[in-house]
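Residue numbers (our numbering), protein chains in the order written: chain C, 213 to 328; chain P, 311 to 424. Beta carbons are placed, not taken as given, at the ideal position from N, Cα and C, and that holds for glycine. Below is one structure, written out as structure tokens, with a few remarks after it.
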Amino acid sequence: GDSVTQMEGPVTLSEEAFLTINCTYTATGYPSLFWYVQYPGEGLQLLLKATKADDKGSNKGFEATYRKETTSFHLEKGSVQVSDSAVYFCALKPRAGGTSYGKLTFGQGTILTVHP
Amino acid sequence: DGGITQSPKYLFRKEGQNVTLSCEQNLNHDAMYWYRQDPGQGLRLIYYSQIVNDFQKGDIAEGYSVSREKKESFPLTVTSAQKNPTAFYLCASSRGTESSYEQYFGPGTRLTVT
């Protein structure tokens, strides 16, 4: 079945450091890929998405590129802020067909803490 | 403003009692979802509904039930048969089930059963 694997956390960085959170996936065909962010005590918010190979999603300084050859969708940010402290989830949604149609499959989440 | 409402934010129940969690959306979305989140884990799908009066079991449906009588509403009942009901429950909706449609999440309900 479909699966998403994220780098193990937690990740602790100083403000203005470079961020990478690795995400790889296993899926049939060409799924859409998403990054969601969850702030403490809240629901998830969509951060960015990519729907086909080589697409780059970007939002609020975060970027991720859909790499079909390495089945990866790593999240990056050039200079993190304290306000970026949150839990980040990588997720995939399959294309039409099959029993997983319409369902999001999530990674286990990566906790990011940014210190001043 | 359009969005998803979940109430209450915190819910406490005694073991053996059924409890219903509310989820309402005014985004005119066809599809709705319920997830469970446990500490240090990703989200696991409980039930989803692609259209009114229709719903399907997700990966961990045992001990839960849902209804979808209205497009806007998708309540989740946690029954006494759910062995470990204490968790954070998240409701989501999307325009449809197409791959490119993202899901929008509510603020969640934290259920504690003692």
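Between the alpha carbons of residue 332/P and residue 314/P lies a distance of about 10 angstroms. For residue 251/C, the number of other beta carbons within 10 angstroms of its own is below 16, and it is reported as exposed. Per DSSP, the continuous beta strand (DSSP E) segment holding residue 364/P begins and ends at 364-367. When Cβ-Cβ separations below 8 angstroms define contact, residue 358/P makes contact with chain C. For the pair residue 329/P and residue 321/C, the Cα-to-Cα distance works out to about 28 angstroms. At a cut-off of 8 angstroms, the C-beta of residue 392/P has no neighbouring C-beta in chain C. Judged by their CB atoms, residue 397/P and residue 348/P are nearer to each other than the 8 angstroms cut-off. Here residue 303/C is buried. Its C-beta has 16 or more other C-beta atoms within 10 Å. A Cβ-Cβ separation of about 7 angstroms places residue 344/P in contact with residue 399/P under the 8 angstroms criterion. Taking 8 angstroms as the CB threshold, residue 341/P lines the interface with chain C. Distance between residue 317/P and residue 324/P, taken at the CA atoms: about 18 angstroms. With distances taken between CA atoms, residue 389/P lies nearest to 423/P out of 407/P, 423/P, 380/P and 334/P.
Exclusion of the five residues before and after residue 320/P leaves 420 as the residues of its chain whose Cβ lies within less than 7 angstroms of its Cβ.
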